[in-house]
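Asks: Going line by line, the protein sequences match chains A and B.
Mind the numbering: the first sequence is residues 1 to 837 in our numbering, read in order.
Mind the numbering: the second sequence is residues 838 to 1060 in our numbering, read in order.
Don't be surprised by glycine CBs; every beta carbon is placed ideally from N, CA and C.
Quick one: this structure, given as structure tokens, is what I'll be asking you about.
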Amino acid sequence: MRIAQNVRVPALRYCTLSKFRDFLGKQWLFCDGGTGTVLQSMGLKGGELPETWNLTHPDRIYELYSGYLSAGANIFNTNTFGANRLKYPGDLEDIVRSSVRIAQKARAASGRDDVFIALDIGPTGKLLEPLGDLSFDRAVELFSEVVRFGAEEGADLVLIETMNDTYEAKAAVLAAKENCTLPVCITTTYDENGQLLTGAPVEAVVAMLEGLHVDALGVNCSLGPRQMLPIIERLVQAASVPVIVNPNAGLPRTENGQTVYDVGPEEFAQYMGRIADMGVCVLGGCCGTTPEHIRQTVQTVRAKTFRPPAGRRKTLVTSFSQAVEIGPRPCIIGERINPTGKKKFREALKNNDISYILQQGLQQEDAGADILDVNVGLPEIDEPQMMETVVRRLQGVTGLPLQIDTTNPEALERALRYYNGKALVNSTNGKEEVIREVMPVVAKYGGVLVGLPIDEQGIPETAEGRIRVARKIYDAAREYGIPEEDIVIDGLAMTISSDPAGALTTLETLRRVRDELHGHTILGVSNISFGLPAREVINSFFFAMAIQSGLSLAIINPNNDPMMRAFRASCALLNMDPQCMNFIGAYGSYVAESRRALLSPAAEEAPPVAASEASAHGTGARAAAAAGSASGAMSLQNAVERGMKEAAASATREAISAGRTGLDVINEDLIPALDVVGQGFEKGTLFLPQLLLSAEAAKAAFEVVKETMKGTTQKIKAKVILATVKGDIHDIGKNIVKVMMENYGYEVIDLGKDVAPETIVDTALREDVKLVGLSALMTTTVVNMEDTIRLLRARKPDCKVMVGGAVMTQEYADRIGADFYGKDAMASVRYADSLFA
Amino acid sequence: MTSIQVPEKEIFRYLGYRGVAPDEQVKDLVQQCVSELQARSQLRSVSRVYPLTFPGENELLVGNEQTDCMHIHSANLYKNMKGCEKAAMFAATIGQGVDLLIRRAEASGAMTAAAVYQAAGAAMVEAWCDEVNRNIIGKEKAEGLYARPRFSPGYGDFALEHQHDFFRMLDITRNTAISLSDTLLMSPSKSVTAIIGLSRQQEPCILQGCEECASRKTCAFRR
């Protein structure tokens, strides 16, 4: 099997075929047990960094290794769990190298030829962005260093362990793969529900890691063998590579501030025997286990007949929090994140308006999408950069897996690198050139790959021709090491307005991929109706037929009702919706069309949408907005004051169609309404939620006005920069100020959170901004606020600075030299008005 | 534990309501946000009890130097813990769901919902801390020890830098998936660390006593 990697692999002495791979999955293998427990018994103090002992007490580390080797372990970990540049800024290299050297000595002394030195890699202790402050690239860098030192020194494999975040696990595996050719094994830490601490279920973790081509995977730490049983069951079901299980000696308990474990060697070994019977290939221990635990485990398990891993394979795409299986029922891929034929979306891409793109994603999730297509290709923008940004931002707000849809190889590589999970990739086709470009990248990062049955000869007109190209794609994938279940064939929907038999060919292709190739299929469903009227009528009927012909993935607009009806009805009819639960959930309060006309106009405006999805995912505000629409006609001013979003928008539309200009609406209705609410807030008769509801309603009204004023230049009071300072990673306060400032006529340049002083000053200079608003949450980050102000004073002295945030006070603001302290969002608006209005 | 009651009154208080009940629209929104938050929260905690000694005036030593310990210089905490012989340290979080919900609401332009999630998350983590705190009180009472009010790093003159000690001694990142930034911010955002003094002498301490807080005169949230 050829695993293509477009990476440089250093040609060093360790780049030989691994003997470890001859053992793995072919016979029982045993890991070592706890390190901390043993070292503590040798005198390691709590709080003392265990890895320093590689240098200060090499004899004791030797003793640690030898203890496990004589207990019968085959795989023993170097004492490098916490070794990374963050914890050892100075002597990392010595610490890693010495641990491997001591291990080599211990191995030589054991006289055994069936033992392997595992370069042990634990988590950095930092949470990755967007949850924490460690960037993905920095995480890869931190792991890479350790891998290089350890591999050069002669480790036999890399064992990544105790990972509780898929993103960090991915960074570690990539670092290992990119810096050595050693086998890579990884164990992660699950809670009792079978989730990583960051939320990923077993199946999602396994799919992502197998996509990254790890040699073995499994579970360690946190739980004892008994609590791990259900997790192991799921691991063995999901994995096709050998499974590793390293439990703690029971659940931890504290006694006088010390952690103790209660499961003794005999009981532990009994459980490990049971675990071996479940189909696990590699067994060992974690916290609290000792050489005796391992010795008894080896004895118990050795007596059993070894069974190689079964290799059951499913087709899964995953995100940081879920796995979506392709196959059991058709899945909906939301198609709206795509500039093709969408003027507003193109504008958003050009203006770097990421929040518009995120909103498209969230709306589709609410409407019932299972996966989101991401296509940001536009000739005038930097597509790789935009793709990376959108992927990162989307996975910060939604747990839906993504489909990376691009023809730009760099955009594809960056999307797959920074994606936190196993993505769907759209696409390759049967052309040699495209296969060579796409497949190595998918092979490296993992992914389910869409294959278009098109080759050098063009699009085959018959299903037979398409199947032939599909086979070619499967063959190529195998060569690149992409398993066949990770290929999905596109049935190629072509409009029936130019080829009347087009739909028949497509449907037959779907059927034959399912029945003859036992594969999965995908369709851009609405392509079938280009050039025809009433496209949703054709599309929805074609969709139902495609589902019956075996369609696995449908790229559609989930906001389109007829399409979702076709989908839910087909699933119910084809026994893919147990007890019709989804169907009933969506249409339980359905009103037949013939009766709808009899009902009130309000009901007509609100067609029977999928109630279940809408309420399951809808944020409260959306429901509040819906409540607004039900209240009927209302004056614009009233609607804004009461925070009724829909009512405000429709009142604005009415005002404009009655002949009033946008400017009149703003000056006579919107501004006065905002003022009433603003003053109420300042007086303490109205509170933050009402202020914000009104702001949202006003914003909806402004949107309508903007539409009507298209082409005319709009007046803004001033450009303002808002930023949460460096080191601060929570920015809701700043975002509240932003909404208010925008409503009051300011153009806000939102630099986001954790923003370096230089970025703020550079932007202020470039855009000639006269007011900067800074937010800080902690006393520890106010320092960075002070630095920013100092830098602004030096380089942009005509720029005023207002500050706010949880720890900020007038006194603090004065001390760091700010011009104004805004105690809340209204105060910031008033200050800006005093400068610019 | 996967779910906990969140007192609405507290949420309203965090949203700035003083002596007034919110209108129905806001109440509905709060209820929806709370149930969404309940569904997406993962309540986790870790706690350990250590010996406590006072090496000097305003000096505290939690743990012992042979195993692992924290040296504190703090007049507030010294006063708060006077007469105690042990201290319980804990960390508690409601998980990253709240941060996801806030980011989602912001991305949808639903700032009101974002603010409500923020307030509800704050109320929820406090409720969760109360629960963790109550468990510690109950457990230690059986040992004949009475608990003082909890105290968090960053309050009064108990330096925030002690977060490093908390994270090391309780192995917080591994046990609860809370991480600490270089600027001492915790992630998930709704996470709390605190220390509770344990004394043989029973004092009239209440669970959420703020009396010892040096910022009680300026703090808008004091009870």
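(1) Could you name the residues of the segment 37-70 of chain A whose beta carbon sits closer than 8 Å to any beta carbon of chain B, in the order they occur along the chain?
(2) Can you tell me whether residue 89 (chain A) is buried or exposed, with buried defined as 16 or more other CB within 10 angstroms of its CB?
(3) Can you confirm whether residue 604 (chain A), when its beta carbon is compared against all beta carbons of chain B, has any partner nearer than 8 Å?
(4) Under a CB-based cut-off of 8 Å, is residue 396 (chain A) close to chain B?
(5) Going by DSSP in three states, residue 87 (chain A) sits in which element: helix, strand or coil?
(6) Please report whether the beta-carbon of residue 943 (chain B) lies at a distance below 8 Å from any beta-carbon of chain A.
(7) Can you give the Cα-Cα distance for residue 405 (chain A) and residue 434 (chain A), rounded to whole angstroms?
(8) My output table needs one value for residue 843 (chain B): the three-state DSSP class, helix, strand or coil.
(9) List the residues of chain B whose Cβ lies closer than 8 Å to the Cβ of residue 293 (chain A), in chain order.
(10) Please check if any C-beta of chain B sits within less than 8 Å of the C-beta of residue 779 (chain A).
(11) What is the DSSP secondary structure of residue 291 (chain A), reduced to helix, strand or coil?
(12) Can you give me the Cβ contacts of residue 676 (chain A) inside the same chain, cut-off strictly under 6 Å, excluding the 5 residues immediately before and after it?
(13) Just checking: is the beta-carbon of residue 348 (chain A) within a distance shorter than 8 Å of some beta-carbon in chain B?
(14) With distances taken from CA atoms, which of A:348, A:327, A:325 is nearest residue 336 (chain A)?
(15) Give a yes or no on whether 8 Å exceeds the smallest Cβ distance from residue 164 (chain A) to chain B.
(16) Beta-carbon within less than 6 Å of residue 983 (chain B)'s beta-carbon, same chain only, minus the 5 sequence neighbours each way: which residues are those?
(17) DSSP three-state label for residue 321 (chain A), please.
(18) Helix, strand or coil, according to DSSP, for residue 750 (chain A) in the structure here?
(19) Output yes or no for whether 8 Å exceeds the beta carbon distance between residue 835 (chain A) and residue 771 (chain A).
(20) Can you list the beta strand (DSSP E) stretches of 3 or more residues lying completely in the segment 398-432 of chain A, in chain order?
(21) Determine the DSSP secondary structure at residue 226 (chain A), reduced to helix, strand or coil.
(22) What are the start and end residues of each continuous alpha helix (DSSP H) run of 4 or more residues lying completely inside the segment 943-1001 of chain B, in chain order?
(23) Looking at chain B, is there any beta carbon in it that lies within less than 8 Å of the beta carbon of residue 816 (chain A)?
(24) Relative to the C-alpha of residue 217 (chain A), which candidate in A:60, A:188, A:790 has its C-alpha closest?
(25) Determine the chain A residues that contact residue 853 (chain B) at a beta-carbon separation under 8 Å, and present them in chain order.
(26) Please go through the same chain and pick out, in chain order, the residues whose beta-carbon is closer than 8 Å to the beta-carbon of residue 380 (chain A), but skip the five residues on each side of it.
(27) For chain B, check one thing: does any of its Cβ atoms lie closer than 8 Å to the Cβ of residue 160 (chain A)?
(28) Curious, which full-length beta strand (DSSP E) runs of at least 3 residues does the segment 46-124 of chain A contain?
(29) Just checking: is the beta-carbon of residue 961 (chain B) within a distance shorter than 8 Å of some beta-carbon in chain A?
(30) If you drop the 5 nearest sequence neighbours on each side, which residues of the same chain put their C-beta closer than 8 Å to that of residue 571 (chain A)?
(31) What's the C-alpha gap between residue 952 (chain B) and residue 848 (chain B)?
(32) Looking at residue 747 (chain A): is its Cβ nearer than 8 Å to the Cβ of residue 716 (chain A)?
(33) Quick test of the definition: if touching needs 3 or more C-beta pairs under 8 Å, does the segment 747-756 of chain A touch the segment 723-733 of chain A?
(34) DSSP three-state call for residue 790 (chain A): helix, strand or coil?
(35) Run through chain B and tell me which residues come within less than 8 Å of residue 735 (chain A), C-beta to C-beta.
(36) When DSSP labels each residue in this structure, what does residue 192 (chain A) get in the three-state scheme?
Replies: So, from the data block:
(1) 45, 46, 47
(2) exposed
(3) Low local confidence applies: a pLDDT of 41 at residue 604 (chain A) is under 50, so the model's placement there is unreliable, with the coordinate-based value given in what follows. No, because no Cβ of chain B sits closer than 8 Å to the Cβ of residue 604 (chain A).
(4) yes
(5) coil
(6) yes
(7) 14 Å
(8) It is coil, neither helix nor strand.
(9) Near residue 293 (chain A) there are no residues of chain B at all, since even the closest Cβ is about 20 Å away, more than 8 Å.
(10) yes
(11) helix
(12) 641
(13) By this cut-off, residue 348 (chain A) is not an interface position.
(14) A:348
(15) Chain B contact via Cβ: present.
(16) Contacts found: 1036, 1039.
(17) In this structure, DSSP gives residue 321 (chain A) a state outside helix and strand, which the three-state scheme calls coil.
(18) strand
(19) Against a cut-off of 8 Å, the Cβ pair of residue 771 (chain A) and residue 835 (chain A) comes out as a contact.
(20) Runs of beta strand (DSSP E) with 3 or more residues, each lying fully within the segment 398-432 of chain A, are found at 402-405, 424-429, listed in chain order.
(21) helix
(22) Counting whole runs of 4 or more residues, the segment 943-1001 of chain B contains the alpha helix (DSSP H) stretches 948-978.
(23) no
(24) A:188
(25) 687, 688
(26) 350
(27) no
(28) 75-77, 116-121
(29) no
(30) 329, 330, 547, 577, 582, 583
(31) 10 Å
(32) yes
(33) Yes, since at least three Cβ pairs between the segment 747-756 of chain A and the segment 723-733 of chain A fall closer than 8 Å, the two stretches touch.
(34) helix
(35) 943, 948, 951
(36) coil
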